[in-house]
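Read through the structure below, which is laid out as structure tokens, and then see the notes.
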Amino acid sequence: MDLKYSILLLILSHHLVLCAARTSDWSYSGEHGPTYWPGLCVTGKKQSPINIVTEDTFNTDIGELKFIRYDFAFECKITNNGHSVQLQLSGVPVHLEGANLESTYILEQIHFHWPAEHTVDNNRDALELHFVHYKEQYGNTSAASKHENGIAVVATLFELDNEDNMEITPILKATELISNGIGKSAELNESKFIPSLFLPKDHTTYYHYDGSLTTPGCQETVMWYILTEKLSVSEQQLNVFKSVETSNGTLSFNYRPTQAIGERTIYHHLLGYSTAGIVSCNLLNVHLGLFLTKFLLYN
Numbered sequence: 001m002d003l004k005y006s007i008l009l010l011i012l013s014h015h016l017v018l019c020a021a022r023t024s025d026w027s028y029s030g031e032h033g034p035t036y037w038p039g040l041c042v043t044g045k046k047q048s049p050i051n052i053v054t055e056d057t058f059n060t061d062i063g064e065l066k067f068i069r070y071d072f073a074f075e076c077k078i079t080n081n082g083h084s085v086q087l088q089l090s091g092v093p094v095h096l097e098g099a100n101l102e103s104t105y106i107l108e109q110i111h112f113h114w115p116a117e118h119t120v121d122n123n124r125d126a127l128e129l130h131f132v133h134y135k136e137q138y139g140n141t142s143a144a145s146k147h148e149n150g151i152a153v154v155a156t157l158f159e160l161d162n163e164d165n166m167e168i169t170p171i172l173k174a175t176e177l178i179s180n181g182i183g184k185s186a187e188l189n190e191s192k193f194i195p196s197l198f199l200p201k202d203h204t205t206y207y208h209y210d211g212s213l214t215t216p217g218c219q220e221t222v223m224w225y226i227l228t229e230k231l232s233v234s235e236q237q238l239n240v241f242k243s244v245e246t247s248n249g250t251l252s253f254n255y256r257p258t259q260a261i262g263e264r265t266i267y268h269h270l271l272g273y274s275t276a277g278i279v280s281c282n283l284l285n286v287h288l289g290l291f292l293t294k295f296l297l298y299n
């Protein structure tokens with residue numbers, strides 16, 4: 001009886017391990033590609049990424065994003081996680097605040113998608129970088145992903161250029177060291193990582209919407225901020241990312257197709273948009289006042 005019970009437990013354990021392996025076994029193409037991702041990835045109503053149609057966005061002044069300690073220099077570990085090139089910083093926490101964020105969000109990791117996941121007016125850029133933050137009270141992105149607005153992601157788009165982007169060169173050198181092994185990591189040896197160098201000079205304008213993680217399980221708990229201005233990357237630099245190896249071969253691309261917007265509103269924060277509105281109203285009041293004064297004087 002005990003032997004049968006032990007065998008049953010062994011079979012059950014093996015089955016659970018296999019199921020867990022299948023759950024985590026996803027990719028960007030083939031039988032494990034985005035079309036076959038399970039759960040919310042299929043049934044969700046607020047999925048990401050999306051195509052942003054600029055003429056359909058709603059201009060708003062929800063405030064500027066505040067990038068706290070983004071200008072600090074950090075030790076940085078770069079890892080080939082099998083789905084992307086991921087960066088993790090060591091040292092004091094990096095914060096995101098402002099805009100419509102109700103509390104402080106902590107930067108957990110940074111990663112790249114090639115080509116870009118979000119499109120603007122159906123234009124897909126060469127590269128997209130995600131700064132992934134979690135709401136401070138939850139401690140990490142895994143826990144935060146279970147709560148509404150638990151995660152805030154800032155996305156920087158890179159357009160193709162003939163010239164190399166020198167800021168990204170140290171990352172690419174480290175990527176070459178880890179490209180041939182899943183789980184392989186390397187340190188930035190030549191320089192430290194300064195997050196603000198991967199924000200466009202004008203990072204005051206952005207698109208914003210409520211969405212999801214762009215990888216399984218696609219939890220719909222993400223506040224997205226896609227910066228309007230872009231950085232650049234050369235074809236030669238892009239090819240370094242495209243040479244990263246995974247269990248399914250070379251990772252020539254790692255983007256999820258755009259998802260239906262549905263009934264969501266896409267906001268466009270423009271610096272001074274609200275101020276311009278106030279100025280216009282003030283000017284209107286001045287002109288109206290002058291008109292009434294003249295009317296009363298001559299009638």
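Residue 139 in full-length UniProt numbering sits at position 139 of the sequence shown; the count goes up by one each step and never skips.
Beta carbons are placed, not taken as given, at the ideal position from N, Cα and C, and that holds for glycine.
Note that the structure is a prediction, hence the values are computed from the model and not measured.
Take the alpha-carbon of residue 189 and the one of residue 146: they are about 36 Å apart. Contact between the stretch 114-129 and the stretch 93-105 is absent: fewer than 3 CB-CB pairs across the two stretches fall below 8 Å. In the three-state scheme derived from DSSP, where H, G and I count as helix and E and B as strand, residue 72 is classed as coil. In the three-state DSSP reduction, residue 242 falls in the helix class (H, G or I).
Taking a contact to require three or more Cβ pairs closer than 8 Å, the stretch 206-216 and the stretch 30-49 qualify as touching. The beta carbons of residue 253 and residue 28 sit closer together than 9 Å. Taking the Cα of residue 244 as reference, the smallest distance to any Cα among 180, 261 and 196 is reached at 180. With a cutoff of 9 Å on beta-carbon distance, residue 155 and residue 131 are scored as near each other. The Cβ atoms of residue 200 and residue 242 do not sit closer than 9 Å to each other.
Relative to residue 99, the option among 66, 240 and 52 whose CA is nearest is 66. The C-beta of residue 257 has fewer than 16 other C-beta atoms within 10 Å across all chains shown, which makes the residue exposed. Closest option to residue 75, judged by alpha-carbon separation, among 111, 186 and 251: 186.
In the three-state reduction of the DSSP assignment, residue 137 falls in the helix class.
Bounds of the alpha helix (DSSP H) holding residue 176 are 169-178. Contact between residue 110 and residue 133 fails: their C-beta atoms lie close to 10 Å from each other, not under 8 Å. In the DSSP assignment, residue 156 falls outside any alpha helix (DSSP H) and lies within the beta strand (DSSP E) extending over 151-161.
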